[in-house]
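In order, the protein sequences belong to chains U and F. Quick note, in our numbering, the first sequence goes up one by one and the last residue is 838. Quick note, in our numbering, the second sequence goes up one by one and the last residue is 909. Quick reminder that beta carbons are idealized off the backbone N, C-alpha and C, glycines included. Predicted, not measured: the structure shown is a model, and the values here were computed from it.
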Amino acid sequence: MKWILMMAWRDSRKNKTRLALFISSIVLGIAALVAINSFGDNLSKDINNQSKELIGADLVVESRDVLENGPADSLASAISTEASTTSMIFFPKNEDSRIMQVRALSGDFPYYGDFETDPVTASRTFRDGTKKALVDELTMIQYELEPGDSVRVGGVFFKIEGKLISTPGQTGIAGLALPSMFIPEKYLEETNLVQFGSRVEYKNYYKIDDQKVLDKWVEDNRDTLRSQRIRLETVESSQERTGRNFEALGEFLSLIAFIALLLGCVGVASSVHVYVKEKLATVAILRCLGVSAKEAFLIYLVQILTMGLLGSILGAALGSLIQFALPSLFQDFLPVEVSVSLSWSAIAQGIITGVLVAFLFAMLPLLKIRNTSPMYTLRSSDESTAFIKDPLRWLVFAGIVLFVWGFTYQQLGEVVPAIFFTLFLGVSFSLLFGVARLTMWSVRKFLPISWNYLSRQALANLYRPNNQTVILIATIGLGTAMISTLFFIQSLLVGQLEIKGENDQPNLLIFDIQPAQLADVTDIVQSEGLPIMQSVPIVTVDVKKVNGMTKEEIEASDSTDLGTGAFRREYRVTYRDSLISSETLLSGKLRPVTSPTDSIFVSLDSDFAMRNNMPIGTEMTFDVQGREFTAYVGSTRRVDFLKSAQTNFLILFPSGVLESAPQFHVIITRSETDREAAQVQRKVVRTYPNISIINLGTIISTLKNILDKITFVIQFMALFSILTGILVLIGSLIISKYQRMRESILLRTLGGSRNQITTINVLEYFFLGSLASLSGIILSLIATWLLGKFTFEMQFTPALLPVLYLYLIITSITVILGMLNGRGVLNRPPLEVLRSE
Amino acid sequence: MSNILEVSQLTKTYQSGSHSLTVLDHVNFSIAEGATFAIVGPSGSGKTTLLGLAAGLDKASSGSVKINGIALENLNEDERAALRNQYVGFIFQNFQLLPTLTALENVMVPMELRKEKNIKERALTLLEKVGLKDRSHHYPTQLSGGEQQRVSIARAFANAPKILFADEPTGNLDEETGKIVEDLIFDLNKESGTTLVLVTHDLELAARTQRIVRIKGGKIISDTAQEEAKV
Numbered sequence: 002m003k004w005i006l007m008m009a010w011r012d013s014r015k016n017k018t019r020l021a022l023f024i025s026s027i028v029l030g031i032a033a034l035v036a037i038n039s040f041g042d043n044l045s046k047d048i049n050n051q052s053k054e055l056i057g058a059d060l061v062v063e064s065r066d067v068l069e070n071g072p073a074d075s076l077a078s079a080i081s082t083e084a085s086t087t088s089m090i091f092f093p094k095n096e097d098s099r100i101m102q103v104r105a106l107s108g109d110f111p112y113y114g115d116f117e118t119d120p121v122t123a124s125r126t127f128r129d130g131t132k133k134a135l136v137d138e139l140t141m142i143q144y145e146l147e148p149g150d151s152v153r154v155g156g157v158f159f160k161i162e163g164k165l166i167s168t169p170g171q172t173g174i175a176g177l178a179l180p181s182m183f184i185p186e187k188y189l190e191e192t193n194l195v196q197f198g199s200r201v202e203y204k205n206y207y208k209i210d211d212q213k214v215l216d217k218w219v220e221d222n223r224d225t226l227r228s229q230r231i232r233l234e235t236v237e238s239s240q241e242r243t244g245r246n247f248e249a250l251g252e253f254l255s256l257i258a259f260i261a262l263l264l265g266c267v268g269v270a271s272s273v274h275v276y277v278k279e280k281l282a283t284v285a286i287l288r289c290l291g292v293s294a295k296e297a298f299l300i301y302l303v304q305i306l307t308m309g310l311l312g313s314i315l316g317a318a319l320g321s322l323i324q325f326a327l328p329s330l331f332q333d334f335l336p337v338e339v340s341v342s343l344s345w346s347a348i349a350q351g352i353i354t355g356v357l358v359a360f361l362f363a364m365l366p367l368l369k370i371r372n373t374s375p376m377y378t379l380r381s382s383d384e385s386t387a388f389i390k391d392p393l394r395w396l397v398f399a400g401i402v403l404f405v406w407g408f409t410y411q412q413l414g415e416v417v418p419a420i421f422f423t424l425f426l427g428v429s430f431s432l433l434f435g436v437a438r439l440t441m442w443s444v445r446k447f448l449p450i451s452w453n454y455l456s457r458q459a460l461a462n463l464y465r466p467n468n469q470t471v472i473l474i475a476t477i478g479l480g481t482a483m484i485s486t487l488f489f490i491q492s493l494l495v496g497q498l499e500i501k502g503e504n505d506q507p508n509l510l511i512f513d514i515q516p517a518q519l520a521d522v523t524d525i526v527q528s529e530g531l532p533i534m535q536s537v538p539i540v541t542v543d544v545k546k547v548n549g550m551t552k553e554e555i556e557a558s559d560s561t562d563l564g565t566g567a568f569r570r571e572y573r574v575t576y577r578d579s580l581i582s583s584e585t586l587l588s589g590k591l592r593p594v595t596s597p598t599d600s601i602f603v604s605l606d607s608d609f610a611m612r613n614n615m616p617i618g619t620e621m622t623f624d625v626q627g628r629e630f631t632a633y634v635g636s637t638r639r640v641d642f643l644k645s646a647q648t649n650f651l652i653l654f655p656s657g658v659l660e661s662a663p664q665f666h667v668i669i670t671r672s673e674t675d676r677e678a679a680q681v682q683r684k685v686v687r688t689y690p691n692i693s694i695i696n697l698g699t700i701i702s703t704l705k706n707i708l709d710k711i712t713f714v715i716q717f718m719a720l721f722s723i724l725t726g727i728l729v730l731i732g733s734l735i736i737s738k739y740q741r742m743r744e745s746i747l748l749r750t751l752g753g754s755r756n757q758i759t760t761i762n763v764l765e766y767f768f769l770g771s772l773a774s775l776s777g778i779i780l781s782l783i784a785t786w787l788l789g790k791f792t793f794e795m796q797f798t799p800a801l802l803p804v805l806y807l808y809l810i811i812t813s814i815t816v817i818l819g820m821l822n823g824r825g826v827l828n829r830p831p832l833e834v835l836r837s838e
Numbered sequence: 679m680s681n682i683l684e685v686s687q688l689t690k691t692y693q694s695g696s697h698s699l700t701v702l703d704h705v706n707f708s709i710a711e712g713a714t715f716a717i718v719g720p721s722g723s724g725k726t727t728l729l730g731l732a733a734g735l736d737k738a739s740s741g742s743v744k745i746n747g748i749a750l751e752n753l754n755e756d757e758r759a760a761l762r763n764q765y766v767g768f769i770f771q772n773f774q775l776l777p778t779l780t781a782l783e784n785v786m787v788p789m790e791l792r793k794e795k796n797i798k799e800r801a802l803t804l805l806e807k808v809g810l811k812d813r814s815h816h817y818p819t820q821l822s823g824g825e826q827q828r829v830s831i832a833r834a835f836a837n838a839p840k841i842l843f844a845d846e847p848t849g850n851l852d853e854e855t856g857k858i859v860e861d862l863i864f865d866l867n868k869e870s871g872t873t874l875v876l877v878t879h880d881l882e883l884a885a886r887t888q889r890i891v892r893i894k895g896g897k898i899i900s901d902t903a904q905e906e907a908k909v
C-alpha cells in the first residue's frame, strides 16, 4: 500500500492542473450543500432555543367564535386575549387607506420575547388604557406616517404609539401580504368592525407554569376542542410547524444545491475520463513492469479520492463561509433570529458526500484501468473490455442511481418524489446522451462534402476520435436545462400575475358590505363612473349531515365510503342560476328553484366533490344560522380559483333559497387608474368604515414583491449551478484542448494559418454550444410545461425572445471560452507545445 | 544449458466480425539461457505480436509459451505481471518511460515492486552505467530520445531479468545515438548474463546476436545461427 500511495503522489506531481479541474467541479456543489445544511442545523437549534418566543405563550387557543369561558383559564397564571380581523385602515394625515390585519389585544402577551417596536417602550405603553396603536413599520414608511400621527380603525381614531417591527413567530414575508396593527381590545366594539359576516379570529394566550399539567390538559382536550373547531397551539407544536415549514424550503434548496453537485459530478466523470485515457499508456508500462491490475487501479483511485477529499474540504470550508450570508438572505422567511456557527455534522456530511460522488462518478472511467493490456506499450489499440460487457460498470451505474435516489430521499423523506427526481435526471441525461450520439451519427453519415474544408473539418470534429460531443452536450445541456427551467417557471408565475391585471378584468373588490349598505355603495361606485361587474351575496353555512349521517356517524360507520372532510369548516356560499367565466359545468346541470316545494339542488366544485366522495344525488343537510334544510348535489363544476379577481365558491346554491338568510355582499368592479381606485376607496371607507377594499394592483405588486424575494433566494442557490456549469464547461474545454492540441499543431506545421485553425475551433464550439444549449432549452421547455400543467395548473406558452437570448448567451460563452482556451496553442511555436506535453 | 524461453505451436488469430486474421501461425522455437536472439521480418509480419506473446504481454489463441519453465497460458494477467517483474525486462522503440516520474524513479520502480533494499543506490549505479547519473532528477520530457532510451535500458536491467525483450530499441534514434544504445544493451547483457530477445528490421543490429529467426506472414521462414546470419 505504501508503494501505491507513493506512486499516486509521484504521478500526481505533473498532473496538478488536470486534477485540480476535477476538484473545482465539486467544490461549489459541496459548498452549496454545506451552506444550506449548516444553516438548517443552526436554524433548528435556534428554533429549539427560542421555541417559547415563537408563540410568546405556553398555550394558544384559537377559534372563529368568541372563546367564552376560556377553556384553559383554570390552569393559567396569566391570560391575554386577542380578536383579529381584516379591515380598511384610514390615515387622516394623507387621506389614504389600506387593508390591514387589526389585532385587538388585552393582557400582557407576549409572555416570552417581546414585540419589537420603535420606540422600544411602545410595545408596553400602547396598552396604557388610552386609544393607542402599534402600526406595521413598512406601512408607516409607505404612507409616510410617524409615531404621534393618528389612524382610524372602523369609527375610532387611535394615536400611533410606535412602529411595529416584528411580533413573536411572525415572518417578514407574512407581513408583506397583510400588514398588522395592534389596538387595545377594549376599543374593538367601539370600532364597529365586528359585524355579521366579518371574519374574526379569537385567540387566548395562556401562561402556564406547570408543563406537566399543560401537557395532560392538551392530551385530554385536543380532540374534543378540534371537533368544536377550536385549535390549540403549544410551544412544541409551534416548534414542529416552524421546523416543518423551513424543512420544505430547506429541502427544495438542498435539491438545487444537489443539482449543482450532480453537474459537478458530470465534470468529475468527464475530466477523469480524459485523464484515464491519457494514463492508459502509463498503466500499460506499469503492467509490463509487473504491476498488477488492482495495484494500477488503486494508484489512480487514491489520486481521485485524495482530490475528492481535498475538493470536499475546500467546498465545506467555502460553504461554512457562505452560510454567514444566509441569515440575511432568508430573514424575511424566518420567525426566529438565526445565529451562525460551524455545523460539524453538515461539514462531515458535505465531505462524505463529496468523496462519495467523486468515487462513484470517477469509478466509471477508472474501471477501464483494470482492463488495460500491457500490449498497449507495443500497439496503442484499445483492447479493454467493451463497456456494455463489464459487469462492474453496471454495478457502478446502479450505485450512482441508488446514491441519487438515496440523497433525494434523505432530503425529501418521500419515496415516490425521490424516484421521480432520479428518473427525471436519468431521462434528462439519457436524452442529452441520445442527442449527442444522434448528432455524431448524422454528421458522419450526412457530412456535406460540398462544404469548404474548414466547415467540414469543424463538423467532422464532432465525431472524430477525441471528440467532446457527448460530454459537452451532457454538461452544457443539463446546466442550460436547469437554469432555463428556473427562469421559465419564474416567468410563468409572474406572467400569471400579469394576466390578472389585464384589460377588462375586474381589479377592485369591495367586501363586507352589509345588506343595508349595498344600495349606497353601489351608487358610490357608479357615481365615480365604475361599472358594477358583479354584486355577489355571500351566506355562511355549515354542513351538518351528508346522506343523512353526521360526522360522528360517518366516523363510526364501516359501511360508508364517505369522508368527513366536508364537516371540517364553515362555507361561504352564494346563490345564482348561471355560471360565471371561471366556472365550467362538468356533470349534471344547474337546477333553479321554481316553487317553495321544489327540492334544492346545489352545485359543487368538482375537486371538492371528488375529495369528499359526494357524487350527483348526494344528500346534504346545511345549517344557516340555526336553521337546517336539506339539499342535493345537482351538478359539479370545475372552478378556476386562480382566474382573475372573481369570487369563487365550493358550493353554489340556486336563487330563491338563501335570499332571506343573514348575508353580506361583495361588489366587483374595475378602475382604469390608481387614482380612480383611490377615490372610490376613500369615499366608501369614509362613509362605511367596516367595508374593506382590495385593489388587485396592490395585491399583484405585493405578490410580485414576495415572488421577487423567493426568486432571489432560488437564484442565489441556482448561482452555484451556473458557476459549476461554467467551471465544468471550462474544465471540459481545457481537457479538449489537450485532446486537440496535437492536431492543431499538425495543421500549423502543415501550413494552416492562425485564422484557419481559429475558424475550425470556433465553428466546432459553435456547433457544440448550439446543440447543447438547444437540447437543454428543449428539455427545460418540456419540464416547465409538465410542471405548469401538473403542479401549478397553468398554461405555459414560452416566450420566443428569452429562448433566443438564452441560446445566444450559452452558445457565445461556449465559443468565447473555446477560443480563449485555444489561444495558448496558437501563440506558441509547435515544438515548444509538443515538448511541454 | 536449459531453455529460458520455449515457444511451441504459438498461434494468434484476431476476430473482426465474421472475418478472422491469423497473424502468427504455429510458431515454434526455444532460446537457451544467456543467448542473444533476433526476430526479423518486414512490417506486418507478426514480429511484434510474437514479442508480446513471448513476453507474456498478450494471450495466445493457441499454443504455449514457457518462461523459465513456467507456462504462461496457465497464468492470469496478474500472475503474468508478477512473472514479468521477476524474470523479464523490456526495452521499447518509443522508450515507454513513465512521464510523471524522474529518470531515477523510473529505474527504481521495478526494484520497488520487488520490495528490494538499497534501491536508490542501485538505481543510481545503473544510471551511472548508462552515463546519466547527473540527469537522475530529470523528467523524460527533459531528456533527449537517446537519453530516454538509456534510462529505459537502466530500468530494464533494474530487476536483474533473466530475459530481456527489446522491440526496435534503436528505431527512433539517429545512427550515432543508436550505436551507443546498441553497445550499451549488448555490454550490459554480456555483463549480467541476461538472455536477449531482439525484435528489429535492422539486419546489422540483428547480426550482432547469436541467432536470427526470420518471420513472414506469421510463420518462421528461417532460423539461423550467428555465423550464417552475418553472411
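Secondary structure of residue i, DSSP reduced to three states
i        : result
U:Pro148 : coil
U:Glu338 : coil
U:Asn696 : strand
U:Ser536 : strand
U:Val136 : strand
U:Pro185 : strand
U:Lys164 : strand
Interface residues of chain U facing residue i [CB-CB closer than 7 Å]
i        : result
F:Gln774 : Ile286 and Thr378
Classification of residue i by the beta-carbon crowding that lies within 10 angstroms, buried from 16 upward
i        : result
U:Pro597 : exposed
U:Trp218 : buried
F:Val685 : buried
F:Asn867 : buried
Integer Cβ distance of residue i from residue j, believed to fall under 8 Å
i        : j        : result
U:Leu330 : U:Leu494 : About 20 Å; that fails the 8 Å criterion.
U:Leu29  : U:Leu724 : 5 Å
U:Ile80  : U:Tyr206 : 7 Å
U:Leu287 : U:Ala297 : 5 Å
U:Leu479 : U:Ser429 : 6 Å
F:Val859 : F:Thr873 : Wrong, their Cβ atoms sit about 19 Å apart, outside the cutoff.
F:Ala733 : F:Phe773 : With a Cβ gap of about 17 Å, F:Ala733 and F:Phe773 do not count as contacting.
U:Ile477 : U:Thr785 : That pair is no contact at about 19 Å.
Neighbouring residues, chain F, relative to residue i (Cβ below 8 Å)
i       : result
U:Asp12 : Leu776, Thr778 and Leu779
Residue i CB to nearest heavy atom of the ligand NAD below 7 Å
i        : result
U:Val154 : With respect to small molecules bound, the structure shown includes none, and the ligand NAD cannot be examined in it.
Cross-chain neighbours of residue i in chain U, by beta carbon under 9 Å
i        : result
F:Arg762 : Arg288, Cys289, Leu290, Gly291 and Pro375
Listed by chain order, chain U residues near residue i by CB distance under 8 Å
i        : result
F:Thr726 : Leu379 and Arg380
Handout entry: Residues from the region 779-794 of chain F in contact with chain U, defined by Cβ distance under 7 Å
Key = Within the region 779-794 of chain F, the residues whose Cβ lies closer than 7 Å to some Cβ of chain U are Leu779, Glu783, Val787, Pro788, Glu790 and Leu791, listed in chain order.
Problem - Positions along the region 360-374 of chain U whose CB lies within less than 8 Å of some CB in chain F - result: Correct list: Ser374.
Practice task
With 7 Å as the C-beta to C-beta threshold (strictly closer), list the residues of the region 836-861 of chain F near chain U in chain order.
Solution key: Cβ contacts with chain U come from Asp845.
Exercise for the section: Report the residues of the region 453-468 of chain U with a CB closer than 7 Å to any CB of chain F, ordered along the chain. Expected result: Flagged: no residues at all.
Practice task
Note down, in chain order, all residues in the region 305-321 of chain U with a beta-carbon under 9 Å from any beta-carbon belonging to chain F.
Solution key: In summary, no residue of the region 305-321 of chain U has a CB separated from any CB of chain F by less than 9 Å.
Handout entry: Members of the region 734-762 of chain F near chain U, C-beta cut-off 7 Å
Key = Cβ proximity to chain U below 7 Å picks out Leu735, Asp736, Glu755, Asp756, Ala759, Ala760 and Arg762 from the region 734-762 of chain F.
Problem - Positions along the region 801-813 of chain F whose CB lies within less than 9 Å of some CB in chain U - result: The region 801-813 of chain F vs chain U, Cβ under 9 Å: nothing.
Practice task
Select from the region 679-711 of chain F all residues with a C-beta closer than 7 Å to any C-beta belonging to chain U, and list them in chain order.
Solution key: Under the 7 Å Cβ criterion, the region 679-711 of chain F contributes no residue.
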